[in-house]
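First to last, the protein sequences are chains Y and E. For the first sequence, our numbering assigns the number 1 to the initial residue and increments by one for each residue that follows. For the second sequence, our numbering assigns the number 1001 to the initial residue and increments by one for each residue that follows. Don't be surprised by glycine CBs; every beta carbon is placed ideally from N, CA and C. Remember, it's a predicted structure, so these values are computed and weren't measured experimentally. Shown next, in structure tokens, is the structure this report addresses.
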Amino acid sequence: MRHVLVALVQDEPAMLARMGNLFARRGYNVESFTAGASELAGMTRVTIVVEGPDTALDQVAKQFRKLIGAVKVVDVTSDPEQLAYEMLLVKVGVNSKTRQEVVSLADLFKARIVDVSSTTLILEATGEPDKLEKFVEVLRPFGIKEQARTGAVFMSRGAKLLNRRPISPTDRKYLSD
Amino acid sequence: MQLNGAEAVWECLAREGVDIVWGYPGGAALPLFDALAKYPQIHHVLVRHEQAAAHAADGYARASGRVGVCVVTSGPGATNLVTGIATAMLDSVPVVALTAQVADSVIGTDAFQEVNITGITLPITKHNYLVRQSKDLVRVLREAFFLARTGRPGPVLVDLPKDILIGPCEFHFPDRVTRPGYRPVVRSAPYHLQRAAQVISDACRPVVLAGHGVHVASAWEELRLFAERIDAPVVSTLLGLGTMSSDHRLALGMAGMHGVAWANLAAQNADLLIALGMRMDDRFTGSLPRFAPNARLLHVDIDPAEIGKRVPASVPMVGDVRIVLEALTSSLPELDHREWLAQVDAWRGRHPLEVHAQGPLPPQEVIRALDRVTDGSGIVVSDVGQHQMWVAQYYRFRRINSFFTSGGLGTMGYSVPASLGVQAAHPGEPVWVVVGDGGFQMNLQELATIVQERLPIRIVIMDNGYLGMVRQWQELFHGARYIGTPISGPDFVQLAASYGIPARRACATAELDDAFAAAREADGPFLLDCKVERDENVYPMVQPGTGNADFVEDPRRRGEK
């Protein structure tokens, strides 16, 4: 089954390698891995989409929590109140006949045209991974020259927070050092 | 306080209470060794190979309960630690490994003796650090000791670039250490305690499984009181031997692949297993689907990732074994399981541990002689292989925390260097090393260190000219084709003599008591070369893929061979 792990990790050298090693060692196939600044100074928020059996994933989440520098690790797979967003850049081959058709499809999917040449268009779309998947499918007949996706990031709707237990004052002091 | 980096390192070690380190100098480590002169309270032991420094620090940590420290140079010095660090990782031993590194300015350029040791040791350390700024140095070292000894202990490596060691360092030793997100749970939730007490009260055939975690938590007394309160037999893992004196009526000894029959039968027939600080290793459980089929599992471990990893737990209890046992014992009434214990005794009577070996010197007799000469109360360090299993079976372990061996990684060559550290934790007392002729030849260079430090280490070589355990598997599972397992060696008595170590050879059972008495009376190190039967196998044996109740006994027991 597909699992989504969202984590807060300390922004430290080798943290990426530690996380990568964790998944590689147990042979999991990581579908996407994103990392970027969180609301806390010195903390990176990572989102990992990974495929594997449930019991095995439970073990990986536990091993992940054991990493020194992993402050919070949550498996959000079963949370129905999740928002998932991903960005896509896609370079589509066009000619004078097909250009207008691609532009209308982009419009339909609320994608933006960010670059135009005589033989290509670059489209940017943001949305749920499934929607982006469909968009790519309808573009495929025109010829996809290049595609780049960021991988999805997740966030709970409403007042629910990933880091329910706020960071303690001693930890905060440590982080600001 | 203004120091240079190297002085700051020793200052940190001194404040952590370190008074002995094992190491080997080299180019990048020069500043570190230079500064050691200012810290006479720290004794540096020069080993003969860096691997030995790691094993010695590991042996010291196991025997003393304190953090063991090894100090080596960059490149090959650092890579030679790898086996020792992995050994400590698999057995949860608190070791701090300090490796010198090339100057920060040339890191990443493949400089002379540069190796990415933090990358190499990433999967075999609890955590590791490359110090890139002087201002981080003291905090990192403080954290290294904190992480190594707290929670589930483990090795922590700190890589120290040469310019950091030479450069100035403003020394400020923090009172407290914290790591965001690092809060080992030591106390189980009241809900789990209540459930555990209920499950224990309901059980008819409970068995306690005592693992290395009992040693790590110093929970020996609590284990005994708990077992007595609930009147349940205690089965050990390999590293759980010595958690309870074998004199105790409830102590059954080791279960698992070469466990004694009654311990395996008790665990297999239990309706409740109370696992304490053990991780259901495959050598312990045998075939998982056949493992203790009617038992519920109450699993206590400080590492949440161990609970449910291999065997699902009915009652999971994350916590420090000592604290959990205290809470459990006080919440339970005196229980009585005399019928169950009588059943276990009947198994013991039906499947006794017997030596059926023929020939002048059966290897099991060597362990029996060691047991006699030490009255089962010696400090024993064992290597890995057949002799390790015979020690586990035939030695009595009447003394708490007196047995040290590489369990999880199964590191041949561990015993001789580890004994350096075990000896440091028990100064002046004889330490007995039991080692095969294969494992001994892996690290025999440390004889020089033993002599240099005048350590009263007694080395008993179980000399059979084979890599015995591998040969046993070849005999049983590979058509008795002994490929790569016959091993030659020097004359060990003459070898010892060239190091200035008195030595003897024993070739028959009748010579053993005399030889061991000579070893015991020696004023310093001693080597005893025991020429044991070459083709002896370890029994009982649970063959791979079978359940622990299907152990194979010595065929000669029924006159089949």
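Tell me which same chain residues have a C-beta within less than 8 angstroms of the C-beta of residue 1520 of chain E, skipping the five on either side of it? The residue given as residue 1520 of chain E occupies position 520 in the second sequence. Only 1373, 1374, 1430 and 1458 meet the Cβ criterion.
State yes or no: is the beta carbon of residue 1161 of chain E nearer than 8 angstroms to at least one beta carbon in chain Y? Position 161 of the second sequence, counted from the start, is the residue given in the question as residue 1161 of chain E. Chain Y contact via Cβ: absent.
Pairwise C-alpha distance: residue 1412 of chain E and residue 1027 of chain E: Against the second sequence, residue 1027 of chain E aligns to sequence position 27. Against the second sequence, residue 1412 of chain E aligns to sequence position 412. Taking the straight line joining both Cα atoms gives about 29 angstroms.
Mind checking if residue 71 of chain Y is an interface residue toward chain E, Cβ cutoff 8 angstroms exclusive? One-based indexing of the first sequence puts residue 71 of chain Y at position 71. At a cut-off of 8 angstroms between C-beta atoms, residue 71 of chain Y counts as an interface residue with respect to chain E.
Any idea what DSSP makes of residue 1474 of chain E, helix, strand or coil? Position 474 of the second sequence holds residue 1474 of chain E. In this structure, residue 1474 of chain E counts as helix in the three-state DSSP scheme.
Assuming residue 1142 of chain E is part of the beta strand (DSSP E), what are its boundary residues? For the purposes of this step, residue 1142 of chain E is identified with residue 142 of the second sequence, where counting begins at 1. Counting along the chain, residue 1142 of chain E falls outside any beta strand (DSSP E), though it belongs to the alpha helix (DSSP H) covering 1134-1149.
Between residue 18 of chain Y and chain E, is there a C-beta pair that is closer than 8 angstroms? Position 18 of the first sequence holds residue 18 of chain Y. Closer than 8 angstroms to some Cβ of chain E, the Cβ of residue 18 of chain Y qualifies, so yes.
State the DSSP-derived secondary structure class of residue 1169 of chain E, mapped to helix, strand or coil. Indexing the second sequence from 1 puts residue 1169 of chain E at position 169. If DSSP states are grouped into helix, strand and coil, residue 1169 of chain E belongs with the strands.
List in chain order: all unbroken alpha helix (DSSP H) runs of 4+ residues lying wholly within the segment 110-168 of chain Y. Within the segment 110-168 of chain Y, the alpha helix (DSSP H) runs of at least 4 residues that lie entirely inside it are, in chain order, 129-139.
Which residues does DSSP pair with residue 10 of chain Y in a beta bridge? As a first step, residue 10 of chain Y is located in the first sequence; it is residue number 10 there, counting from the start. For residue 10 of chain Y, which the question treats as bridged, DSSP gives the partners Y/43.
Kindly indicate if chain Y contains any beta-carbon less than 8 angstroms away from that of residue 1181 of chain E. Here the question's residue 1181 of chain E lines up with position 181 in the second sequence. It does: the Cβ of residue 1181 of chain E has a partner Cβ on chain Y nearer than 8 angstroms.
Less than 7 angstroms separating the Cβ of residue 23 of chain Y from some heavy atom of the ligand ZN? Here there are no bound small molecules, and the ligand ZN is not part of this structure.
Nonlocal neighbours in the same chain, by C-beta distance under 6 angstroms from residue 11 of chain Y, ignoring five residues either side: Numbered from 1 along the first sequence, position 11 holds the residue referred to as residue 11 of chain Y. Non-local beta-carbon contacts of residue 11 of chain Y in its own chain, meaning distances under 6 angstroms to residues more than five positions away in sequence, involve 42 and 44 in chain order.
First and last residue of the uninterrupted alpha helix (DSSP H) at residue 1079 of chain E: Within the second sequence, numbered from 1, the residue matching residue 1079 of chain E stands at position 79. From DSSP, the alpha helix (DSSP H) with residue 1079 of chain E extends over 1076-1079.
In whole angstroms, what is the alpha-carbon distance linking residue 13 of chain Y and residue 1132 of chain E? Here residue 13 of chain Y refers to the residue found at position 13 of the first sequence. Here residue 1132 of chain E refers to the residue found at position 132 of the second sequence. The alpha-carbon atoms of residue 13 of chain Y and residue 1132 of chain E are separated by roughly 10 angstroms.
Under the rule that 16 or more other beta-carbon atoms within 10 Å means buried, what is residue 1200 of chain E, buried or exposed? Walking along the second sequence from the start, residue 1200 of chain E turns up at place 200. It counts as buried.
Between which two residues does the alpha helix (DSSP H) carrying residue 1276 of chain E extend? Translated into the one-based positions of the second sequence, residue 1276 of chain E becomes position 276. Segment 1272-1276 is the beta strand (DSSP E) holding residue 1276 of chain E; no alpha helix (DSSP H) there.
Where do the ends of the alpha helix (DSSP H) carrying residue 1282 of chain E lie? Residue numbering aside, residue 1282 of chain E sits at position 282 when the second sequence is read from its first letter. Taken as a continuous stretch (DSSP letters only), the alpha helix (DSSP H) holding residue 1282 of chain E covers 1282-1285.
Using CA atoms only, rank isn't needed, just tell me which of E/1041, E/1030 and E/1025 is closest to residue 1012 of chain E. Taking the second sequence and counting its residues from 1, one reaches residue 1012 of chain E at position 12. Taking only the C-alpha atoms, the option nearest residue 1012 of chain E is E/1041.
On the three-pair Cβ rule with 8 angstroms, is the segment 100-107 of chain Y touching the segment 1214-1232 of chain E? Touching, no.
What does the Cβ neighbour count give for residue 100 of chain Y, buried or exposed, with the cut at 16 atoms within 10 Å? Locating residue 100 of chain Y in the first sequence gives position 100, counting from the first residue. The residue is exposed, with fewer than 16 neighbouring Cβ atoms inside 10 Å.
Check whether the Cβ of residue 21 of chain Y lies closer than 8 angstroms to any Cβ atom in chain E. As a first step, residue 21 of chain Y must be located in the first sequence, where it is residue number 21. Yes, because at least one Cβ of chain E sits closer than 8 angstroms to the Cβ of residue 21 of chain Y.
Around the Cβ of residue 116 of chain Y, are there at least 16 other Cβ atoms within 10 angstroms (buried) or fewer (exposed)? Locating residue 116 of chain Y in the first sequence gives position 116, where the first residue counts as 1. Using a 10 angstroms sphere on the CB of residue 116 of chain Y, the tally of other CB atoms stays under 16, which defines it as exposed.
Three-state class that DSSP yields for residue 1530 of chain E in the structure shown: Within the second sequence, the letter at position 530 stands for residue 1530 of chain E. Residue state, collapsed to three classes: strand.
Determine the direct distance from the alpha carbon of residue 129 of chain Y to that of residue 1121 of chain E, and round the result to whole angstroms. Translated into the one-based positions of the second sequence, residue 1121 of chain E becomes position 121. Translated into the one-based positions of the first sequence, residue 129 of chain Y becomes position 129. Their backbone Cα atoms lie some 37 angstroms apart in a straight line.
Tell me the DSSP secondary structure of residue 1105 of chain E in three-state form. Within the second sequence, the letter at position 105 stands for residue 1105 of chain E. Three-state DSSP puts residue 1105 of chain E in a helix.
Name the chain E residues that come within less than 7 angstroms of residue 25 of chain Y, Cβ to Cβ? Position 25 of the first sequence holds residue 25 of chain Y. Contacts between residue 25 of chain Y and chain E, judged by CB atoms closer than 7 angstroms, involve 1123 in chain order.
Counting along the chain, where does the alpha helix (DSSP H) carrying residue 1450 of chain E start and finish? Stepping through the second sequence from its first residue, residue 1450 of chain E is reached at position 450. Note, residue 1450 of chain E: alpha helix (DSSP H), 1447-1452.
Which of helix, strand or coil DSSP assigns to residue 66 of chain Y: As a first step, residue 66 of chain Y must be located in the first sequence, where it is residue number 66. Three-state result, residue 66 of chain Y: helix.
For residue 1127 of chain E, which residues in chain Y fall below 7 angstroms Cβ to Cβ? The residue given as residue 1127 of chain E occupies position 127 in the second sequence. Here the neighbours are 68.
Under 8 angstroms by Cβ, that's how I've got residue 1434 of chain E and residue 1469 of chain E pegged, so tell me the actual separation to the nearest angstrom. As a working mapping, residue 1434 of chain E is identified with position 434 in the second sequence. As a working mapping, residue 1469 of chain E is identified with position 469 in the second sequence. In this structure, residue 1434 of chain E and residue 1469 of chain E do not form a Cβ contact; the two beta carbons are roughly 14 angstroms apart against a cut-off of 8 angstroms.
Reduced DSSP category for residue 1162 of chain E - H, G, I as helix; E, B as strand; rest coil: Mapped onto the second sequence, residue 1162 of chain E falls at position 162. Three-state DSSP puts residue 1162 of chain E in a helix.
Partners in chain Y for residue 1118 of chain E, counting only beta-carbon separations shorter than 8 angstroms: Position 118 of the second sequence, counting from 1, holds the residue named residue 1118 of chain E. Correct list: 14.
Ends of the beta strand (DSSP E) at residue 1236 of chain E? Taking the second sequence and counting its residues from 1, one reaches residue 1236 of chain E at position 236. For residue 1236 of chain E, the enclosing beta strand (DSSP E) starts and ends at 1234-1236.
Taking residue 1272 of chain E as the reference, which of E/1256, E/1258, E/1292 and E/1259 has the closest Cα? What you label residue 1272 of chain E is simply residue 272 of the second sequence in a count that begins at 1. Per the Cα distances, E/1292.
Nearest-angstrom Cβ-Cβ length linking residue 1395 of chain E and residue 1447 of chain E, presumed shorter than 8 angstroms: In the second sequence, residue 1395 of chain E corresponds to position 395, counting from 1. In the second sequence, residue 1447 of chain E corresponds to position 447, counting from 1. Taking a contact as a CB-CB distance under 8 angstroms, the pair residue 1395 of chain E and residue 1447 of chain E does not count as one, their CB atoms being some 24 angstroms apart.
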